[in-house]
Amino acid sequence: MTNKIQILASIVILSLAIGCGNKKPKKSNAQTFDIDKQLSYCAQQATKTLTLIPKDGKSLPRNIAPDSQEWRFINYKDWTSGFWPGTLWYLYENTNDQKWKEQADAYSRYLTPLSVTPALDHDLGFQVFNSFGNGYRLTGNPEYKEIILKTADTLATLFNPNVGTILSWPREVPNMEWPQHNTIMDNMINLELLFWASKNGGKKSLYDIAVSHADVTMKNHFRPDYTSYHVVVYNRETGEKIKGVTHQGYADDSMWARGQGWAIYGYTMVYRETGDEQYLDLAQKTAKAYLDRLPNDLIPYWDFDAPNIPNEPRDASAAALVSSALLELSTFTKDSILAKNYLDKAEKMLVELSNNYQSKDKNSAFLLHSTGHKPNGSEIDYSINYADYYYVEALLRLKKLKAGIPLTASLVTKTK
Ligand code: GLY
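Sequential numbering of the sequence shown, starting at 67, is according to the numbering used here.
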């Protein structure tokens, strides 16, 4: 009897092996990933959203609650106001369709007041560089350039030379010891506005401010394992570090997913703008801290140290922005194995987002399952405009990389 079973088992194993041998190797999801299909999906969803926005000259879509189809709208003052026009600019870049250009121009112009009013906070880069910055890159419209340059000067008014960084929140925020000085990791992204302005007719001091901010943040925001504090509070007179804390993460010493994402994205960008290897090194170390602890599907929980993982909300926005950052980081990384790892991981993140996180007919955003501010109980498991912005940015970046086009190049010919 035992012999019979052994013979039967051998036959089964052999026929399975022969069967496998006859089949062509199965392509992985990444090998069959259709980037253009995902970009067309984004265009279809954005077309639906355009029909849902009140035509009042001020409303911009920010988020949609789970199981809802209704966007919550914000105006230009909201920190996320640049993501919708920025998304429209990317759709224009991908299609060269004037419809997207007209819409992108119209919604960008909602944000013009930011260039002529005092700074509300550090978010001016998210707002004006994603909108007018992309617009200028694609059109060369001098009106946009003027708006960007004026806004860069406005952002620079928040720089505190005693500390060496920009004051992220010039107001009372719980646990920030106002009126002491606070700087948040997210602020790294806004340095791109300053770098750009300094190289395009703005003051040289804007470059110095951006470098100083990056250096002081590098010194104070990172723990020995290269996870990051969301916020550092400094003595505003002496520049002394008072404490590292969180605002949107689980705990002061936890790794808040999007915050770590801002670090990876931010230092990759600072390396691009300065060519200084210490920033590349930091971008790689922060990427390692993030990649090493991801779940198998590469979409992080909202905080890597959240207490109830796997029963915690995900943050698709962090996955989208990290995917985009890794694509750029892969182009700077000299170690070819590491560079390929960044590229592969970034593509797998996009495959996962496309296969399992798209909103499809649930609502007209691109993605579901982002988490904005868990400790505040807000935007938990939502569709959020910045997830969509970085998703479409990452798709376009991947498309450019596969076509051998530099990431900073425009896919459309400049026409004002
Ligand atoms: N800048 C705020 C956030 O990442 O939620």
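Note that CB positions come from ideal geometry on N, CA and C, so glycine has one too.
Where K143 and L186 are concerned, what is the direct C-alpha to C-alpha distance, given to the nearest angstrom? 8 Å
Under 9 Å between C-beta atoms of Y408 and L387: no
Segments of 4+ residues assigned as alpha helix (DSSP H) that fall wholly inside the stretch 261 to 302: 270 to 286
Mind checking I375: buried by the 16 CB within 10 Å criterion, or exposed? exposed
At a cut-off of 8 Å, would you count W235 as near the ligand GLY, judging by its Cβ distance to the nearest heavy atom? no
Using a threshold of 8 Å, is the CB atom of F192 nearer than that to any non-hydrogen atom of the ligand GLY? yes
Per-residue DSSP class, three states only, for L467: helix
If the criterion is Cβ atoms closer than 9 Å, does the pair T153 and Y423 meet it? no
Can you tell me whether V182 is helix, strand or coil according to DSSP? coil
Which residues DSSP lists as bridging Q424, in chain order: L433
Report the three-state DSSP secondary structure of I403 (helix, strand or coil). helix
In the DSSP assignment, the alpha helix (DSSP H) including P127 goes from what residue to what residue? Here P127 belongs to no alpha helix (DSSP H); instead the beta strand (DSSP E) covers L126 to I130.
Using a 10 Å radius around the Cβ and a threshold of 16 neighbouring Cβ atoms, would you call R463 buried or exposed? buried
Does the ligand GLY have even one heavy atom less than 8 Å from the beta-carbon of R380? no
Comparing alpha-carbon positions, which option in P366, P236, R175 and A280 lies nearest T334? A280
Does K167 pass the burial test, meaning 16 or more other C-beta atoms within 10 Å, or should it be called exposed? buried
Which same chain residues end up closer than 7 Å to T304 when comparing Cβ atoms and leaving out the 5 residues on each side of it in sequence? N228
To the nearest whole angstrom, what separates the beta carbons of Y367 and A323, a pair I think is in contact under 8 Å? 7 Å
Quick one: measure Cβ to Cβ for L348 and I101, integer angstroms, because I've assumed they're closer than 8 Å. Not confirmed; about 29 Å, so no contact.
Compute the beta-carbon to beta-carbon distance between A372 and E378, rounded to the nearest angstrom, for a pair I have assumed lies under 8 Å. 4 Å
Got a sec? Which residues, its chain only, sit under 6 Å from V336 by beta carbon, not counting five neighbours each side? A280 and Y345
L118 to N429 span [Cα, whole Å]: 11 Å
Considering Cα atoms alone, identify which of R138, Q350, T399 and A412 is closest to D363. A412
Suppose you measure from the CA of N256 to the CA of A222; what does that come to, to the nearest Å? 11 Å
Say the cut is 8 Å; is the CB of G325 nearer than that to a heavy atom of the ligand GLY? yes
Among the candidates F99, K124, D133 and P120, whose CA atom is the shortest distance from the CA of D427? D133
Tell me whether N248 is buried or exposed, calling it buried when 16 or more other Cβ atoms sit within 10 Å of its Cβ. buried
Would you be able to state if there are at least three C-beta pairs under 8 Å between the stretch 212 to 220 and the stretch 230 to 240? no
When the Cα atoms are used, what is the spatial distance from L259 to F195? 6 Å
Alpha carbon to alpha carbon, what distance is there between N421 and G85? For G85, the predicted structure reports a pLDDT of 36, less than 50, and the residue's modelled location is therefore unreliable. A value from the coordinates is still provided. Roughly 29 Å between the two C-alpha positions.
Would P151 pass as a contact of K482 if the rule is Cβ separation under 9 Å? no
Examine the ligand GLY and report whether any of its heavy atoms sits within less than 8 Å of the Cβ of W368. no
Measure the Cβ-Cβ separation of D369 and Y316 and say whether it is below 9 Å. yes
Collapsed DSSP secondary structure at S449 in the structure displayed: strand
Under the three-state reduction of DSSP, which class applies to K90: helix, strand or coil? In this prediction, K90 has a pLDDT of 44, which is less than 50 and means its spatial position is unreliable; what the coordinates show is noted afterwards. Reduced to three states, the DSSP call for K90 is coil.
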